[in-house]
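Participant: I'd like to ask some things about the structure below.
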C-alpha cells in the first residue's frame with residue numbers, strides 16, 4: 003500500500019470521526035478480494051471504451067486541481083448548488099464541499115448540474131466548524147466570500163496557496179460560525195448599485211478568478227501528482243464503462 | 003441642444019426604424035414644456051435626497067461603462083435574464099440588450115434581478131439581425147459566446163475595443179442568424195468534462211473577464227464622458243426621489 007493510500011485512509015477516518023460523509027462510497031481499487039492497481043484497472047477496461055473517451059479522461063485528469071476547493075454553505079436553492087458543481091467541474095476542480103443549512107436538506111438538481119456531480123468528489127457536512135477544521139488540517143486556508151470590515155478584494159489573494167473558497171446562503175451569506183472558523187474573507191469588488199452577484203454567479207466568477215490568478219502566477223492551474231492522476235484516471239474509467247465492476251470480476255476470475 | 007443630445011435623438015430614430023424598443027420611455031430632461039439641464043435637475047432634487055444617496059449615485063456613475071455591452075438572446079428562463087442583468091449592473095455596465103426568442107416572451111423576475119433593471123438601459127429586440135446591426139453601426143464589434151470552428155479563447159480579445167458580448171439560449175446557444183451577424187465568437191476554455199457553464203454564470207464570468215482585461219490594459223473600466231456622466235446622474239436622481247417629476251413641476255411653477 004502506497005504512502006498516498008495510507009494518507010487517504012487516515013483522512014477518511016478523521017473525516018468520519020468529525021461527522022462528515024465521505025464522497026467515495028467504496029474503495030474503487032478492490033474488486034471482490036483482489037486489490038488492483040490503477041494501471042491494471044485502466045488496462046482491463048480499455049477494450050470496453052472508445053479510444054477518444056480514454057483520451058478525454060486523460061485530458062481532464064491532467065487538468066485537475068485540488069489546490070482550490072469550492073465550499074457551499076447552507077444554500078436553499080438546489081439549482082444553485084448544482085450550478086456551482088457544474089462550474090467547479092468545468093473549471094477543473096476535483097473536490098467540492100457541501101455544508102447543510104440549519105433547516106434545509108440539499109437535494110440534487112440533475113438538470114442544472116449537467117452530470118458534473120459524477121466527476122467530482124463531493125463531501126457533505128452537517129456543521130460548518132467540522133468542515134473548516136477538516137480543510138485546515140489538510141493544509142487549506144479557508145476564505146469566505148463575504149462582505150465585512152476585514153474583507154479584502156479577491157485580487158489581493160494568492161491562489162497558488164491551497165485555498166478553500168466558501169460561498170454562503172442566498173439571502174444571509176456565510177454563517178457566523180463559518181466566518182469565525184475562516185482564515186479570511188474576500189469579495190469581488192462591484193462598482194454598481196447591486197451589491198452582490200447571484201450565488202452561483204459569485205462562485206463561478208471567484209473560481210474563474212482563482213484559475214486565472216494561478217495561470218498568471220505559475221503558468222498552470224492543474225497540480226495532481228502522477229500517482230494521484232493514475233488513481234483518478236482509474237476511477238473515471240470505472241465511471242465511464244457500463245457494468246465496469248462486473249467486467250473486472252469476470253476478467254479476474256478468468257485470470 | 004448639445005451635440006451629444008442630437009446624436010441620442012438620431013440614435014433613437016434609427017432604433018425605432020429598425021424595429022427596436024428603446025430603453026428610455028420619455029426624455030427625462032423635459033418637464034412639461036420646460037427643458038432642464040442635468041445639473042439643474044440634480045440641484046432641484048438635492049434637498050429631497052440624503053447626501054449619502056447622492057454620493058452613492060455619483061460613485062456609481064463615475065464607474066459606469068458603455069464600452070462593453072451584454073446581449074442575451076432567446077433565453078427562456080426568466081431567472082437567467084434577471085441574473086445577467088444583476089451581474090451587468092453590479093459590474094458597472096449601463097446598456098443591456100435583450101433579443102426575444104422565437105417562441106418565448108421574456109418576463110421579468112423581480113427577485114433575481116435585485117432591482118438591477120432600474121439602473122440599466124435595457125434595449126428590447128424582436129430579431130437578432132436588427133440588434134447586431136444597431137450595435138455595429140454604433141461602433142461595437144459583436145462577439146458571440148459560442149463554440150464552433152472559428153471560436154477563439156476569450157483571453158485573445160482586447161476589451162478596450164467597444165464590444166457587445168452575446169449570450170445565447172440555455173440549450174441551443176446563440177442562433178445561426180446571430181452568429182452570421184456577429185464579428186467573432188469566443189469561449190471561456192473549460193478543462194473539465196462539463197462543456198459549458200450555466201448561461202448566467204457564463205455571462206458573469208465573461209463580463210468579469212472583460213472588466214479585468216480592461217483594468218489590466220488601461221487601468222480603468224469606466225469610460226463615460228463628463229457630459230454623459232452628468233446626464234446619467236440626473237436620470238439616477240429622478241429614479242431615486244419619490245414623485246421626482248411632481249416635485250420638479252411644482253418648483254418650476256413656483257419659479
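Chains as they are written, first to last, in our numbering: chain A, 3 to 257; chain B, 3 to 257. Just so it is clear, CB atoms sit at the ideal spot from N, CA and C, and this is done for glycine as well. These figures come from a predicted structure and were not determined experimentally.
(1) Cα separation between residue 120 (chain A) and residue 210 (chain A)?
(2) Would you kindly work out how many angstroms separate the C-alpha atoms of residue 228 (chain B) and residue 46 (chain B), rounded to a whole number?
(3) Find the residues of chain A that neighbour residue 200 (chain B), judging by a C-beta separation of less than 7 Å, and give them in chain order.
(4) Ignoring anything shorter than 3 residues or poking outside the stretch 30-77 of chain A, list the beta strand (DSSP E) runs there in chain order.
(5) Classify residue 77 (chain A): buried if its beta carbon has 16 or more other beta carbons within 10 angstroms, exposed otherwise.
(6) Would residue 221 (chain A) pass as an interface residue toward chain B - the criterion being a Cβ-Cβ separation below 8 Å?
(7) Which residues, in chain order, does the stretch 90-101 of chain B contribute to contact with chain A at a C-beta distance below 9 Å?
(8) So is residue 170 (chain B) in contact with chain E if we call contact Cβ pairs under 8 Å?
(9) With DSSP as the reference, label residue 193 (chain A) as helix, strand or coil.
(10) Which residue from B:230, B:118, B:70 and B:195 puts its Cα closest to that of residue 217 (chain B)?
(11) Using the Cα positions of residue 250 (chain A) and residue 51 (chain A), report the straight-line distance between them to the nearest angstrom.
(12) Rounded to the nearest angstrom, what separates residue 67 (chain A) and residue 226 (chain A) at their Cα positions?
(13) Take residue 128 (chain A) as the anchor and find which of A:186, A:73 and A:192 has the nearest alpha-carbon.
(14) Would the stretch 81-92 of chain A and the stretch 187-200 of chain B be scored as touching if the rule is three or more Cβ pairs under 8 Å?
(15) Give the straight-line distance between the Cα atoms of residue 101 (chain B) and residue 125 (chain A), rounded to the nearest whole angstrom.
(16) Where does residue 178 (chain A) land, buried or exposed, given buried means 16+ other C-beta within 10 angstroms?
(17) For chain B, check one thing: does any of its Cβ atoms lie closer than 8 Å to the Cβ of residue 110 (chain A)?
(18) Once DSSP output is grouped into helix, strand and coil, what is the label at residue 2 (chain B)?
(19) Using beta carbons (cut-off 8 Å, strictly below), is residue 44 (chain B) in contact with chain A?
(20) At 3 residues or longer, and completely inside the stretch 169-226 of chain B: list those beta strand (DSSP E) runs for me, N to C.
(21) Please work out which residues of its chain come closer than 8 Å, Cβ to Cβ, to residue 122 (chain A), disregarding the five sequence neighbours upstream and downstream, and give them in chain order.
(22) Three or more beta-carbon pairs under 8 Å between the stretch 189-196 of chain B and the stretch 185-198 of chain A, yes or no?
(23) Please state whether DSSP places residue 166 (chain B) in a helix, a strand or coil.
(24) Assuming residue 180 (chain B) and residue 146 (chain B) are in contact, meaning their beta carbons sit under 8 Å apart, how far apart are those beta carbons, in whole angstroms?
(25) So is residue 175 (chain A) buried or exposed if we call it buried at 16+ other beta carbons inside 10 Å?
(26) Can you say whether residue 245 (chain B) is buried or exposed, counting buried as having 16 or more other CB atoms within 10 angstroms of its CB?
(27) Check whether the stretch 132-144 of chain B touches the stretch 154-166 of chain B, taking contact to mean three or more Cβ pairs, one atom from each stretch, closer than 8 Å.
(28) How is residue 228 (chain B) classed by DSSP in three states: helix, strand or coil?
(29) Can you grab the Cα-Cα spacing for the pair residue 80 (chain A) / residue 247 (chain B), in whole Å?
(30) Just to confirm my understanding: we take residue 204 (chain A), look at its own chain, exclude 5 residues before and 5 after, and list those with CB closer than 8 Å. What are they?
(31) Is it buried or exposed, residue 75 (chain A), if we count other Cβ atoms within 10 angstroms and call 16 or more buried?
(32) Does residue 102 (chain B) come out as helix, strand or coil in the three-state DSSP assignment?
(33) Just reading off the alpha helix (DSSP H) that residue 136 (chain B) is part of, what are its end residues?
(34) Counting contacts by CB-CB distance shorter than 8 Å, is residue 236 (chain B) in contact with chain A?
(35) Quick one: residues in its chain with C-beta nearer than 6 Å to the C-beta of residue 184 (chain A), no 5 flanking neighbours on either side, listed in chain order?
Facilitator: According to the structure data:
(1) Roughly 21 Å separates the two Cα atoms.
(2) Using only the alpha carbons, I get a separation of about 20 Å.
(3) By Cβ distance, chain A contributes 85, 88, 114 and 202.
(4) With a minimum length of 3 residues, the continuous beta strand (DSSP E) runs that stay inside the stretch 30-77 of chain A are 70-75.
(5) Result: buried.
(6) Taking a beta-carbon distance threshold of 8 Å, residue 221 (chain A) does not count as an interface residue toward chain B.
(7) Within the stretch 90-101 of chain B, the residues whose Cβ lies closer than 9 Å to some Cβ of chain A are 90, 91, 92, 93, 94 and 95, listed in chain order.
(8) Any reference to chain E falls outside this structure, whose protein chains are A and B.
(9) If DSSP states are grouped into helix, strand and coil, residue 193 (chain A) belongs with coil.
(10) With distances taken between Cα atoms, residue 217 (chain B) lies closest to B:70.
(11) One C-alpha to the other measures close to 13 Å.
(12) So the alpha carbons of these two residues sit roughly 6 Å apart.
(13) In this structure, A:73 is the residue among A:186, A:73 and A:192 with its C-alpha nearest to the C-alpha of residue 128 (chain A).
(14) In this structure the stretch 81-92 of chain A touches the stretch 187-200 of chain B; the number of beta carbon pairs closer than 8 Å is three or more.
(15) Residue 101 (chain B) and residue 125 (chain A) have their alpha carbons spaced roughly 40 Å apart.
(16) Exposed is the call here.
(17) Confidence is the limiting factor: at residue 110 (chain A) the pLDDT is only 48, short of 50, which leaves the residue's position unreliable, though a coordinate-based value still follows. Chain B has no Cβ within less than 8 Å of the Cβ of residue 110 (chain A).
(18) This structure leaves residue 2 (chain B) out entirely; chain B is present only between 3 and 257.
(19) Answer no: the Cβ-Cβ gap between residue 44 (chain B) and chain A never drops below 8 Å.
(20) Correct list: 186-189.
(21) Counting only Cβ-Cβ distances below 8 Å, and skipping sequence neighbours, we find 25, 87, 90, 91, 95, 96, 97 and 98.
(22) Flag = no, the stretch 189-196 of chain B and the stretch 185-198 of chain A do not touch.
(23) When secondary structure is reduced to three states using DSSP, residue 166 (chain B) falls in the strand class.
(24) Contact holds; Cβ gap of about 6 Å.
(25) Around the beta carbon of residue 175 (chain A), 16 or more other beta carbons sit within 10 angstroms, so the residue counts as buried.
(26) So residue 245 (chain B) ends up on the exposed side.
(27) The answer is yes - the stretch 154-166 of chain B touches the stretch 132-144 of chain B, with three or more Cβ pairs under 8 Å.
(28) Three-state result, residue 228 (chain B): helix.
(29) Using only the alpha carbons, I get a separation of about 43 Å.
(30) Closer than 8 Å at Cβ, skipping near neighbours: 147, 169, 190 and 198.
(31) Answer is buried; the Cβ neighbour count reaches 16.
(32) Here residue 102 (chain B) sits in coil by DSSP.
(33) Annotation for residue 136 (chain B): the continuous alpha helix (DSSP H) segment containing it runs 130-139.
(34) Chain A places no beta carbon closer than 8 Å to that of residue 236 (chain B), leaving this residue out of the contacts.
(35) Listed in chain order, the non-local C-beta contacts of residue 184 (chain A) below 6 Å within the same chain comprise 144 and 146, local neighbours out to five positions each way being set aside.
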